[in-house]
Structures are given as structure tokens and as C-alpha cells.
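Undergrad:
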Amino acid sequence: MHDASWALAPEGTNPEIVAWVEQLAHLLTPDTVVWCDGSVRERDGLNRLMVANGTLIQLNPEHRPYSFLARSHPADVARVESRTFICSDDEADAGPSNNWIAPGEMRATLAGLAEGAMRGRTMYVLPFSMGPLDSPLSRFGVQVTDSPYVAVSTGIMTRMGSAALERITPGTSWVRAVHTVGAPLAPGEVDVAWPSNETKYISHFPETREIWSYGSAYGGNALLAKKAFALRIASAMARDEGWLAEHMLLLKVTNPRGRVFHVAAAFPSACGKTNLAMLRPSIPGWQVETVGDDIAWLAPDSWGRLKAINPEAGFFGVAPGTGVSTNQTAVDTLWGNTIFTNVALQDDGDVWWEGLTDTPPSNLTDWQGEPWTPSADRPAAHPNSRFTVAAAQCPTMSDDWEDPAGVTIDAIIFGGRRATNVPLVVEARDWDHGVFLGATISSERTAAAEGTIGELRRDPFAMAPFCGYNMADHWQHWLDVGGQLRRSGRVPRIFQVNWFRKDDDGSFLWPGFAENSRVLAWILDRVDGVAPAVPGPLGWTPTPGALNVQGLDLADDALAKLFEVDPAAWSDELDDTERFFGTFGDRLPESMSRQLAVVRERIEAVAAARAEHASAA
Ligand code: GTP
Ligand code: SPV
Ligand code: MN
1 MHDASWALAP EGTNPEIVAW VEQLAHLLTP DTVVWCDGSV RERDGLNRLM
51 VANGTLIQLN PEHRPYSFLA RSHPADVARV ESRTFICSDD EADAGPSNNW
101 IAPGEMRATL AGLAEGAMRG RTMYVLPFSM GPLDSPLSRF GVQVTDSPYV
151 AVSTGIMTRM GSAALERITP GTSWVRAVHT VGAPLAPGEV DVAWPSNETK
201 YISHFPETRE IWSYGSAYGG NALLAKKAFA LRIASAMARD EGWLAEHMLL
251 LKVTNPRGRV FHVAAAFPSA CGKTNLAMLR PSIPGWQVET VGDDIAWLAP
301 DSWGRLKAIN PEAGFFGVAP GTGVSTNQTA VDTLWGNTIF TNVALQDDGD
351 VWWEGLTDTP PSNLTDWQGE PWTPSADRPA AHPNSRFTVA AAQCPTMSDD
401 WEDPAGVTID AIIFGGRRAT NVPLVVEARD WDHGVFLGAT ISSERTAAAE
451 GTIGELRRDP FAMAPFCGYN MADHWQHWLD VGGQLRRSGR VPRIFQVNWF
501 RKDDDGSFLW PGFAENSRVL AWILDRVDGV APAVPGPLGW TPTPGALNVQ
551 GLDLADDALA KLFEVDPAAW SDELDDTERF FGTFGDRLPE SMSRQLAVVR
601 ERIEAVAAAR AEHASAA
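Anchor point for the sequence shown: position 257 equals 257 in the numbering used here, and the numbering is continuous, going up by one each time.
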């Protein structure tokens, strides 16, 4: 039987953590337990181990120093939303947008699966801080995992190790996260490169701030500090404590007059957060710096200003589409010290993915390890292939990205991937209308999660897969926070954008990427009080000429198409919104129904005016 060597925690470790780890070790029965200190030596040891056992391939250090390629199991390539559960005591608290299973039932299922699940493996204990150490906005967690890949990735993505462990003193609250790939090894059994299990459970217990993940080692399924903690559990903590945990990037922007702004922007998965966070403006005089690329924790301060931190320390970014012409900053960030997962391998030992360069190399090894040439009818890199890299390596990180007090938010942006209907940019009439814009985001599915790519789905606040409680309560919470901010007179302005509207031939109407700085400029000039706008049925839009399109190669009618509001299409859109709102029953805030009625009235007025115009002509 195993003995107390399991409990060899660093001296002075919070006895609560020691007891929890010991209890898990008895259940999961790993061969050994390793308490990770977050050191470079430890990371190097784990990387060597993974190279030896085939989990990692070291890239050619001449091209990509100290970088690695991991190839996942072909059935473990993205978040599994159908296997993600919010196990609140009351089903209504999970709400219609989450999968719910009663906590008792889920605990019993997990206990059965967990029994002996780490046999033959090492259990790594990862203590970490989400947010800068010693920031009042930060929170602690401890994850156990039997995946060295997850251990190393968590070391990049969070502030992991001794410094965090020392701060989790008795009485300090911390989130418990249990992760196993669910692939115990029989004595003498040879391991596979990417152990996982067909059965998967990504389970959250919001009341007890616990996470249990079984069967996957990929991304948000396994790096539990990220979506599971920093969004699903944190959103429930934030609801209880009066702050917000959001799927948002954070930017610092300096305008040509030297005024500094901070922006938070929510886009669904694989809809442009990392790219906007690393924007290189195409228009002169504007400077954009990076604070965060995926998650923001926002809290009103005692002055009523909305402060925000990036709780993460790294990027787990989408590789395909990241190239010299779209995101040079990301390309520069990835010069070395990077783990790539499911990208293609070049003959010279460097990586490649669709969009890194305009022309693919003539020979590659694809993400599954098979030979690939440009004539192949499949992509070389998996569409959800990713890079894992420290944020500190990004050349555009702003000087305030680790400010323990957070940055002050001036503008909030909601976006989605919409081929039709949604204009390039709209400003909300006020905070409550802004909450309505967030609540009504719908977006075409991407490869970031299982599902049919391109299918339109509701993704309110870009949080559909990430809100740890009833989505309608989330909207009410936003309305309440707005009320709190209003008392200070520093309410951030709210905007909606859509980079993805398409022409009839299927091409994007807007060039996107660096050119999104033009939209950002209008948004921040609005905040600065110098940009003209016209009221429209959906909110304020730029007066003709107010959006700087100088030097852009836009088709003549592209701008008109980017801002076109088709009353018939919008009538359908609003019918769908009404059905969607209906799924929340009496939890729907009254203010959202009122906002819907207002847009309806305005769209009907547009329809009536056009009918009159047509009959007069
Ligand atoms: P997650 O990490 O999944 O949350 O994704 P994200 O929101 O950070 O998305 P990311 O910035 O990685 O972009 C995802 C995909 O959208 C990439 O393939 C990008 O090249 C593409 N993309 C980003 N911005 C734009 C844009 O302005 N226009 C167009 N057409 N594509 C864009
Ligand atoms: C997303 O899907 O929004 C991501 C990647 O940022 S994951 O960490 O897998 O959730
Ligand atoms: Mn994301």
C-alpha cells in the first residue's frame, strides 16, 4: 500500500491543502506525488521527460529555441461543451444554457471514475495565483493533474509554484481543481504519447468552488485555471462578491493627443480576441498595447471606477490565421519558449500552420504525424491548433499589465462572427442597452469547441460555454454593476462590433486585423467626445466620414453594406431573440424585454419609413 511519502508537501504548507492532496492521492492512487515549485529546473525536467516518452517533439533550436510540438489524440482536440457540467445545488441556478447534473449524482459518478485513475502515473500538485501575486483582485487555486503537459502548460499560463503556495495561508480561500486524463497504467504497460479517455467529464461545483475534469488533456478541458476556474467558478464568485469574470481581452490605447484609454472586449472563442489584443494600428498616431487576450476580471473600485486585471500569465492562442500579415506581434511572441499543439512540422524542424505564410512549404508532417503536401485535401494544422507562451514574451505588453490595482476601463466592446445583419460598429445608447447588446450576441461556431463550424448560435457576452450560473442572472448582475458605476459618473461606454460581415460573394466586407484600429479610433474618439455619430435603430453609428477609411481599398458600396440594416432580416433576428429570451422564463430581467421592445419599435419605424418612401417614389 502507498504510504506517507504522498504527503511530502513543502514545509509550512497549509494543512488544508496537504489533507486535500492526501485524500485525493488515496482515491486516485498515483505512484508518486510531486509538489510543483514553478522553477525553471522543474519545467526543464518535465519537458525532458515528455520528450523521452514521446509527448513532446523538440523543435529545431536554430529556428525555435526551447520550443516543443505536442500532438494530441485525434479525438481530444477542443473543448467538449456537451461534456461540461455546472453542478449547482439547484438546477435553475445553472440555467438553460448549461448542462446540469445534481452535485450528489455527479460526485458519485466522479468518485467511481477517479478510483485508481492515476495508477502508474505521477500526480503533480500545482498551486497558482490567478492575477498578479498580492493583487486584491487575484484569487488562488490548486490543481492536481496526472499530465506533465498540463503541469508545464499551467506553469506558463498562471503564476504557478512556491510563491503562490506560500500565500495560500490557513483562512485564505482557494479553488480546488482535480484533473486526470483517466488512463491508468497497468504494471509494465507502455504509455501512449497523449493519454486520454473516450469518456469525458468537465464538472464544476460553483457552491463549493470545485472543479473535476476527467478524460481530456486539451486546452480548457484540462488547463483548469483558465475557463473552468477563471470563468465558470470565478463568475459565480464574482456574482456573490460584486465583480465580473468575463471572456474578454484587455487593451491599453493611446490616441494621437496622448490620452490613454483601456478597453475590454468580449468575442466568442476563435473570433478575434488575441488578434485585437495584439493590434498594430494601421492609422498614424495611435498606439495599442496588450494587457490580456482572453479573460478579464473586472471590479468597481471604491470610487466607482471599473478596474480590470488579466488573471492569466500566458496565451493559449489559435495558431491558424496567425501570420506575418495578420498578427506580426503574435509571430514575434512565438520566437521560442513555446509549446505548440497540433500544428504541422516542417522538414527543418520548425512548425507551420495555415496562414503563417501565404504559401505552404512543399512538404510537411501534418498534426497527426502523417506526410502532407499542399495538394492534400485536409489542413496540415488542426483548425484548433494552439500555441502556449508566456505573456511576458509579447513585445506589446503594456507597462500596467501586472498593476495590482488593475487598469481603469473606459470602453467595453461586444463582438461576434456574423456574415449578415450586424453592422461594423454601433454604440449603445446607455449601459442597459449595452447589456442588451451583450446578451444578444450570436456568432458562427468555430473549431474552438466540438460542433458544426459556421452554424449560428447564441453566445451572450461570449460566455455561453463559460458562465457558471444562470445566464439571465448574469445579465441582471451586469445591470446591477452598471447601477453601482453610475453613482460614480464613470460608466464605461459600450459598443458592438462585427469584423466578419460578408458580401454576397462570400468575401469579408471589412479587411479586419490592423484596420480594426480605425474602428477602435472612432470608439475612443466617442469616449473622448470628439467623434460625430448618428442615432439609428440599433444604436449610434459613425456619421458619414467619421470613420477614417483613408487609404483603404474598400469597394464603393462596402461601407453602406457594412452598416446596412435590413428591417425584414432584423425582424426575424428579433423574433429569434424573443424565443431565446423566453428560454429564461421569469429569470429574464425586465430591462431586457424593454430593450427588445425598443429595438422592435425602431426597426418597425425603419420598415414603415422605407415603405412610405417606396410608395412615394
Ligand atoms: P480564443 O482563444 O478561442 O478565445 O479565440 P480568440 O477570440 O482569441 O480569436 P483569435 O484572435 O485567435 O482569432 C481566431 C481566428 O479569427 C484566427 O484565425 C484569426 O486569424 C481570425 N481573425 C481575427 N481577427 C480577424 C479579423 O479582424 N478579420 C478576420 N477576417 N479574421 C480575423
Ligand atoms: C476558447 O475556446 O475560448 C479558448 C481556448 O480560449 S480554451 O482554453 O480551450 O478554452
Ligand atoms: Mn477564449
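By construction, the Cβ of each residue, glycine as well, lies at the ideal position given by its N, Cα and C atoms.
Which residues bound the beta strand (DSSP E) around L554?
TA: In the sequence shown, counting from the first residue as 1, residue 554 sits at position 554. First-last for L554: undefined, no H or E at that position.
Undergrad: Confirm the yes/no value for this check: CB of S129, any heavy atom of the ligand GTP, distance under 6 Å.
TA: Along the sequence shown, read from residue 1 onward, the residue named residue 129 stands at position 129. Incorrect: S129 has no Cβ contact closer than 6 Å to the ligand GTP.
Undergrad: Once the 5 residues before and after M160 are set aside, which same chain residues still bring their CB inside 6 Å of it?
TA: Stepping through the sequence shown from its first residue, residue 160 is reached at position 160. G38, L126, F128 and T154.
Undergrad: Is it buried or exposed, V240, if we count other Cβ atoms within 10 angstroms and call 16 or more buried?
TA: Along the sequence shown, one-based indexing puts residue 240 at 240. Sequence inspection shows Asp at residue 240; the Val mentioned does not correspond to that position. With fewer than 16 Cβ atoms within 10 Å of its Cβ, D240 is classed as exposed.
Undergrad: Is there at least one non-hydrogen atom of the ligand SPV closer than 6 Å to the beta-carbon of S269?
TA: Here the question's residue 269 lines up with position 269 in the sequence shown. S269 Cβ: within cutoff of the ligand SPV.
Undergrad: In angstroms, rounded to a whole number, what distance separates the CA positions of M237 and E210?
TA: Position 237 of the sequence shown, counting from 1, holds the residue named residue 237. Position 210 of the sequence shown, counting from 1, holds the residue named residue 210. Their Cα atoms are separated by approximately 12 Å.
Undergrad: Going by Cα to Cα distance, which pick from E455, S443 and D480 is closest to M463?
TA: Taking the first residue of the sequence shown as position 1, residue 463 is located at position 463. It is S443.
Undergrad: Between the stretch 83 to 102 and the stretch 366 to 374, do at least 3 Cβ pairs fall closer than 8 Å?
TA: With a cut-off of 8 Å, the stretch 366 to 374 and the stretch 83 to 102 do not count as touching, because too few Cβ pairs lie within range.
Undergrad: Taking A183 as the reference, give the member of T543, A177, W286 and R119 with the closest Cα.
TA: Translated into positions along the sequence shown, residue 183 becomes position 183. Cα-wise, what sits closest to A183 is R119.
Undergrad: How is S591 classed by DSSP in three states: helix, strand or coil?
TA: Taking the sequence shown and counting its residues from 1, the one referred to as residue 591 is at position 591. Three-state result, S591: helix.
Undergrad: For A419 and F500, what's the separation of their Cα atoms in angstroms?
TA: By 1-based counting over the sequence shown, the position of residue 419 is 419. By 1-based counting over the sequence shown, the position of residue 500 is 500. Cα to Cα, A419 sits roughly 6 Å from F500.
Undergrad: Between which two residues does the beta strand (DSSP E) carrying Q58 extend?
TA: Counted from its first residue, the sequence shown places residue 58 at position 58. Looking at the DSSP string, the run of the beta strand (DSSP E) that includes Q58 is L56 to Q58.
Undergrad: Sorted by chain position, which residues of the same chain lie with C-beta nearer than 6 Å to A245's C-beta, five sequence neighbours on each side aside?
TA: Here the question's residue 245 lines up with position 245 in the sequence shown. Cβ neighbours of A245 beyond the five flanking positions: L231, A234, S235, A238 and W297.
Undergrad: Rounded to whole angstroms, what's the CA-CA distance from A108 to T172? Just pull it up for me.
TA: By 1-based counting over the sequence shown, the position of residue 108 is 108. By 1-based counting over the sequence shown, the position of residue 172 is 172. Their Cα atoms are separated by approximately 28 Å.
Undergrad: Just mark D366 as buried or exposed, buried being the case when its beta carbon has 16 or more other beta carbons within 10 Å.
TA: Translated into the one-based positions of the sequence shown, residue 366 becomes position 366. Buried, since its Cβ has 16 or more Cβ neighbours within 10 Å.
Undergrad: May I ask whether a heavy atom of the ligand SPV can be found less than 6 Å away from the beta carbon of G415?
TA: Along the sequence shown, read from residue 1 onward, the residue named residue 415 stands at position 415. No - the ligand SPV has no heavy atom lying nearer than 6 Å to the Cβ of G415.
Undergrad: With the cut-off set at 7 Å, would you say L250 and G292 are in Cβ contact?
TA: Counted from its first residue, the sequence shown places residue 250 at position 250. Counted from its first residue, the sequence shown places residue 292 at position 292. Result yes, Cβ atoms of L250 and G292 sit closer than 7 Å.
Undergrad: Under a three-way DSSP split, which group does P371 fall into?
TA: Reading the sequence shown from its first residue, position 371 is the one you call residue 371. In the structure shown, P371 sits in a strand (DSSP, three-state: E or B).
Undergrad: Identify whether Q550 lies in helix, strand or coil by the three-state DSSP scheme.
TA: Counting from one through the sequence shown, the residue named residue 550 turns up at place 550. In this structure, Q550 counts as coil in the three-state DSSP scheme.
Undergrad: Going straight from the alpha carbon of P423 to that of G104, what length do you get?
TA: The residue labelled residue 423 in the question sits at position 423 within the sequence shown. The residue labelled residue 104 in the question sits at position 104 within the sequence shown. Each residue's Cα considered, the two are about 46 Å apart.
Undergrad: Write down the C-beta distance between S135 and P404 rounded to the nearest angstrom, noting that I regard them as a contact closer than 8 Å.
TA: For the purposes of this step, residue 135 is taken as residue 135 along the sequence shown, with counting starting at 1. For the purposes of this step, residue 404 is taken as residue 404 along the sequence shown, with counting starting at 1. Rounded, the Cβ-Cβ distance is 4 Å, consistent with contact.
Undergrad: Can you confirm whether the stretch 592 to 600 touches the stretch 421 to 439 when touching is taken to mean that 3 or more C-beta pairs between the two stretches lie within less than 8 Å?
TA: Counting Cβ pairs under 8 Å, three or more are found: they touch.
Undergrad: Could you have a look at A102 and say whether DSSP puts it in helix, strand or coil?
TA: Stepping through the sequence shown from its first residue, residue 102 is reached at position 102. The answer is coil: DSSP assigns A102 none of H, G, I, E or B.
Undergrad: Output the boundary residues of the alpha helix (DSSP H) element that contains G45.
TA: The residue you call residue 45 lines up with position 45 of the sequence shown. Per DSSP, G45 belongs to the alpha helix (DSSP H) from V40 to A52.
Undergrad: For M1, does the count of other Cβ atoms within 10 angstroms reach 16, so buried, or fall short, so exposed?
TA: In the sequence shown, the residue the question calls residue 1 occupies position 1. For M1, the predicted structure reports a pLDDT of 42, less than 50, and the residue's modelled location is therefore unreliable. The matter cannot be settled from this model.
Undergrad: Using three-state DSSP, classify E198 as helix, strand or coil.
TA: Along the sequence shown, one-based indexing puts residue 198 at 198. Reduced to three states, the DSSP call for E198 is coil.
Undergrad: Residues in the same chain with beta-carbon distance under 7 Å from R445, minus the five sequence neighbours each way, listed in chain order, please.
TA: The residue given as residue 445 occupies position 445 in the sequence shown. Once the five neighbours on either side are set aside, the close Cβ partners of R445 are G451, T452, I453, G454, E455 and R457.
Undergrad: Considering only residues of the stretch 213 to 272, which uninterrupted beta strand (DSSP E) runs meet the minimum length of 3 residues and lie entirely inside it, listed in chain order?
TA: Runs of the beta strand (DSSP E) inside the stretch 213 to 272: 244 to 246, 248 to 254 and 260 to 266.
Undergrad: Determine, using beta carbons only, whether T333 and C394 come nearer to each other than 7 Å.
TA: By 1-based counting over the sequence shown, the position of residue 333 is 333. By 1-based counting over the sequence shown, the position of residue 394 is 394. Taking 7 Å as the Cβ cut-off, T333 and C394 qualify as a contacting pair.
Undergrad: Give me whichever residues DSSP pairs with T357 in a beta bridge.
TA: Here residue 357 is taken as the residue at index 357 of the sequence shown, counted from 1. BP columns for T357 point to E354.
Undergrad: When DSSP builds the beta bridges, which residues end up paired with F128?
TA: Against the sequence shown, residue 128 aligns to sequence position 128. Paired residues: G141 and M160.
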